[in-house]
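Participant:
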Amino acid sequence: MNIPNHIVLFPDGNRRWAKQKGMASLDGHLAGEKKFDDFLRWCKNKGVKIITVFGFSTENWNRAPEEVDYLMKLLEKYLGQGIDSFNKEGVKVKIIGQKEKLPESLKKVIEKVEDSTKNNNEFHLNLAVSYGGKWDILNAVKNILKEGIAPEKIDEGLIDDYLSTAGLANPDLIIRAGGEMRLSNFVLWQAAYSELYFSQKLWPDFTEQDLDAAIDEFDRRQRRFGK
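End of the sequence shown = 226 in numbering that gives the first Met the number 0, gap-free, step of one.
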């Protein structure tokens, strides 16, 4: 079977899942966070090498302050408590996005987990926090201009080198749970030739069998890259 090297995940539908069960929306986020550890394990066991996860977008800052605060604390707790597990499993963790916008306590935990896992090489986890695809491209262009690189020297490869995912292969497969069918301003440049798979399952209900179905579908597709 052709296993994707790099999977992008949209763990969508946490709030809708909670609403269906008569629970608070914040409880849906907690259920989604617990499901994420399972997903990482499934992917690693199947031979996937890189996971990029839609954690918190640039647009999510417009949500209710109490929800934003809860999500920031949930991320901080997840990363802080996960360091030992990441190292045990050989997972290198990188946070991509506008780190300068994040709470100071979260930034300290991010620095700690990135430094602690920087030499791990069995599996790579990109967690997108305050990230947007348009921001990523714009930020790359700004940094290229700051370095005074001549326009004639700017090509796709150079822009790749200035994106937040620099040094990593582009995504092979994008999986979006929750029934929505859009990219929502996520890894727009990197996803140019990614295969897209949309699941109707709300993220907390997503199973290993659902992941298998996505990989099976990926295996059946012919990736021509425009040829």
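Even glycine gets a Cβ: it sits at the ideal position worked out from N, Cα and C.
#1: State the Cα-Cα distance for the pair V7 and T51, rounded to the nearest angstrom.
#2: Could you round the C-beta distance between R15 and L201 to whole angstroms and report it? I think they count as a contact, below 8 Å.
#3: From what residue to what residue does the alpha helix (DSSP H) around L39 run?
#4: Where does Q19 land, buried or exposed, given buried means 16+ other C-beta within 10 angstroms?
#5: Pick out the complete beta strand (DSSP E) segments inside the region 66-151, 3 residues or longer, and give them in chain order.
#6: Measuring only the C-alpha atoms, how far is V90 from A212?
#7: Strictly by DSSP, which residues pair up with F197?
#8: Go through its chain and collect everything with a Cβ distance to V128's Cβ below 7 Å, but skip five positions before and after it.
#9: Comparing C-alpha positions only, which one of P10, K33 and M0 sits nearest to F185?
#10: Go ahead and label A176 buried or exposed: buried means 16 or more other beta carbons lie within 10 angstroms of its beta carbon, across all protein chains shown.
#11: Is it the case that the Cβ atoms of K33 and F122 are separated by a distance below 8 Å?
#12: Which same chain residues, not among the five before or five after G132, have their C-beta less than 6 Å away from its C-beta?
#13: To which residues does DSSP link L8 through a beta bridge?
#14: If I measure Cβ to Cβ from H5 and keep anything under 8 Å in the same chain, skipping five residues before and after, which residues do I get?
Facilitator: The structure says:
#1: As a first step, residue 7 must be located in the sequence shown, where it is residue number 8. As a first step, residue 51 must be located in the sequence shown, where it is residue number 52. Going from the Cα of V7 to the Cα of T51 covers about 5 Å.
#2: Here the question's residue 15 lines up with position 16 in the sequence shown. Here the question's residue 201 lines up with position 202 in the sequence shown. Confirmed, Cβ separation roughly 6 Å.
#3: Indexing the sequence shown from 1 puts residue 39 at position 40. Element bounds for L39: S24 to K45.
#4: Residue 19 sits at position 20 when you count from the first residue of the sequence shown. Result: exposed.
#5: 90-95 and 122-130
#6: Working through the sequence shown from its first residue, we reach residue 90 at position 91. Working through the sequence shown from its first residue, we reach residue 212 at position 213. Each residue's Cα considered, the two are about 25 Å apart.
#7: For the purposes of this step, residue 197 is identified with residue 198 of the sequence shown, where counting begins at 1. DSSP, once it has assigned bridges, lists R175 as partnering F197.
#8: In the sequence shown, the residue the question calls residue 128 occupies position 129. So the qualifying residues of the chain are G54, F55, L74, I94, G96 and L101.
#9: As a first step, residue 185 is located in the sequence shown; it is residue number 186 there, counting from the start. Residue P10 is the option with its Cα nearest to F185.
#10: Indexing the sequence shown from 1 puts residue 176 at position 177. Classification for A176: buried.
#11: The residue given as residue 33 occupies position 34 in the sequence shown. The residue given as residue 122 occupies position 123 in the sequence shown. Taking 8 Å as the Cβ cut-off, K33 and F122 do not qualify as a contacting pair.
#12: By 1-based counting over the sequence shown, the position of residue 132 is 133. Contacts found: N184, F185, V186 and L187.
#13: Taking the sequence shown and counting its residues from 1, the one referred to as residue 8 is at position 9. V52 and I174.
#14: Locating residue 5 in the sequence shown gives position 6, where the first residue counts as 1. So the list reads V47, K48, I49, I50, T51, L167, A168, N169, P170, D171 and L172, once near-sequence residues are dropped.
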